[in-house]
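Trainee: First the structure, which I've put down as structure tokens, then a few questions once you've had a look.
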Amino acid sequence: MSDTIKHHEQKFERKQRLLLPSDYKFVFNQSMRSSDKLLTILAKKNAHKNHPRLGLTVAKKSVKTAVHRNRIKRLSREFFRLNKNTISCADYVILVRKGIDQMSNETIVQSLSKQFNYLRKQLNKNK
RNA sequence: AGAGUUAACCGAGGCAGUCGCUGUUUUAAUGCAUUUUGCAUUAAAAGGGAGGAAAGUCCGGGCUCCAUAGGGUAAGGUGCCAGAUAACGUCUGGGGGGAGUGAUCCCACGGCCAGUGCAACAGAAAGUAAACCGCCUUAUUGCAUUCGUGUGAUUUGGUAAGGGUGAAAGGGUGCGGUAAGAGCGCACCGCGUUAAUGGUAACAUUAGCGGCAUGGUAAACCCCACCUGGAGCAAGACCAAAUAGGGGAGCAGUGUUUAGAGCACAGAUGUGACCCACAUCGUUCCCGGGUAGGUUGCUUGAGGCAGAUGGCGACAUCUGUCCUAGAUGAAUGACUGUCCAUGACAGAACCCGGCUUAAUGGUUAACUCUAUUU
73 MSDTIKHHEQ KFERKQRLLL PSDYKFVFNQ SMRSSDKLLT ILAKKNAHKN HPRLGLTVAK
133 KSVKTAVHRN RIKRLSREFF RLNKNTISCA DYVILVRKGI DQMSNETIVQ SLSKQFNYLR
193 KQLNKNK
């Protein structure tokens, strides 16, 4: 029984993504941000939702080939899925900078975990 | 064995495990509508899930909407011939030219005797050719002389064989010829032209004739022949919240009235400190257009595979068999273990046929050259 609950928790469903352009606009307006050389993460609390939601923006400008764009998106989603329980309840948008396509999967994941940690502290403070 | 040519095929390196994503099918549960059942949500199981270039968007076609009697012009494209095809700038076969010892590969390969234009520098002269040096020659004359002539200067003409310039000097080579030369004559080659033969044709071969006329450049304008209507799946079709506005119908506070209409009064909001005043304002339902959003288009197709028949071949016809991604902020991934030859370029977005570009390894087949052995 406890196993099935665990499985359920590791899923990444549609309602956990940002789907509409208006959702993205909501996050871009006056959000909290954390950034380093590779990534910028925007976060904003959403009163109507009781689970975190993720959106990705990988511009063709910053990452040229589609293969690398897909890789970065997949990595980000995978990280979000696996660490959902530690991430505070809010809407997030991950923005990507030039040069990230040169990095290995490990370094990208490290960057993600650092920044989500930082954002969690900030969001808790504001409570 | 080495080097090479052509063609076909494979290629998130393979295997195992854990956790995910996204369609499909089946089953179950719940909800709604209901004649069978259908739709939606959730769960479980089974099975499917990027490429040879998916790329560039350079051509061609299907499909969709708009336009369209027919013809012409403009603009753009194609350019040896014949065929294949839905069509093509693709492919096949053939002709011509070029590269390579060869297998084989490469070619924008119509027309400059319709017109217009362009070509630096050099050079005497560059497209109705031209005499700088040289060669030959006429006349006068100097010098030498073995008295035959030789040699120099000026001069009259001839000459495109030689030198020099140039990307290119107005057919080439050889012999004859000549004062020296010259298609001046001849032979061969080239070119032009006529005929015959072969071929559907491009073209080839043979024979005759011409003494050479027609320099290059058309990815220069241009001429000739042929082809092309425009926009694209964000095409297009359907459903359709909220707000504002449009059309239609009903209903509407209090008083007056039998009732309605009408009239009067009241009400709400704004301006304002407030009053007066001024300005604005019913409400419910339906209809049509239509935004956000959703559904569809969306994968069964000029399809793949096998066989037979026709064709040199591209390909066509017939029979059998198979269904093999369909996302929509956009699925095909992450981690761990293990093995090896340590893994390139790179990610579907309506669908096909090509081309081009990117990049790397392997397998197979046929053929060529070189070396060795027999």
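Just so we're aligned, residue 73 is where the first sequence starts under the working numbering, counting upward by one. Cβ coordinates follow ideal geometry from the N, Cα and C atoms, glycine included.
If we ignore side chains and look at the alpha-carbon of each, how far apart do residue 192 and residue 137 end up?
Mentor: Taking the first residue of the first sequence as 1, we reach residue 192 at position 120. Taking the first residue of the first sequence as 1, we reach residue 137 at position 65. So the two alpha carbons sit approximately 32 angstroms from each other.
Trainee: Looking at residue 90 and residue 168, is the spacing between their C-beta atoms short of 8 angstroms?
Mentor: The sequence position of residue 168 within the first sequence is 96, counting from 1. The sequence position of residue 90 within the first sequence is 18, counting from 1. Taking 8 angstroms as the cut-off, the beta carbon of residue 168 is found no closer than this to the beta carbon of residue 90.
Trainee: Below 7 angstroms CB to CB, which residues in the same chain sit around residue 148 once its five sequence neighbours on both sides are set aside?
Mentor: Along the first sequence, read from residue 1 onward, the residue named residue 148 stands at position 76. These residues qualify, in order along the chain: 128, 166 and 184.
Trainee: Is it true that the CB of residue 134 sits closer than 8 angstroms to the CB of residue 170?
Mentor: Numbered from 1 along the first sequence, position 98 holds the residue referred to as residue 170. Numbered from 1 along the first sequence, position 62 holds the residue referred to as residue 134. Yes, the Cβ-Cβ distance between residue 170 and residue 134 is below 8 angstroms.
Trainee: Would you check if the distance between the CB atom of residue 197 and the CB atom of residue 162 is smaller than 8 angstroms?
Mentor: Sequence index remark: in the first sequence, residue 197 carries index 125 (1-based). Sequence index remark: in the first sequence, residue 162 carries index 90 (1-based). No; because the gap between Cβ atoms is not below 8 angstroms, this pair is not in contact.
Trainee: Looking only at DSSP bridge pairs, what is residue 163 linked to?
Mentor: Counted from its first residue, the first sequence places residue 163 at position 91. For residue 163, which the question treats as bridged, DSSP gives the partners 116 and 125.
Trainee: Decide if residue 92 is buried, meaning its Cβ has at least 16 other Cβ atoms within 10 Å, or exposed.
Mentor: For the purposes of this step, residue 92 is taken as residue 20 along the first sequence, with counting starting at 1. Exposed, because fewer than 16 other Cβ atoms sit within 10 Å of the Cβ of residue 92.
Trainee: So for residue 168, helix, strand or coil by DSSP?
Mentor: Locating residue 168 in the first sequence gives position 96, counting from the first residue. Of the three classes helix, strand and coil, the one that applies to residue 168 here is strand, per DSSP.
Trainee: Measure the CB-CB distance between residue 110 and residue 172 and report whether it falls below 8 angstroms.
Mentor: Looking up residue 110 in the first sequence gives position 38. Looking up residue 172 in the first sequence gives position 100. Against a cut-off of 8 angstroms, the Cβ pair of residue 172 and residue 110 comes out as a contact.
Trainee: What are the boundary residues of the beta strand (DSSP E) that includes residue 105?
Mentor: Counting from one through the first sequence, the residue named residue 105 turns up at place 33. From DSSP, the beta strand (DSSP E) with residue 105 extends over 104-107.
Trainee: Indicate the three-state DSSP secondary structure (helix, strand or coil) for residue 111 in the structure shown.
Mentor: For the purposes of this step, residue 111 is taken as residue 39 along the first sequence, with counting starting at 1. In this structure, residue 111 counts as strand in the three-state DSSP scheme.
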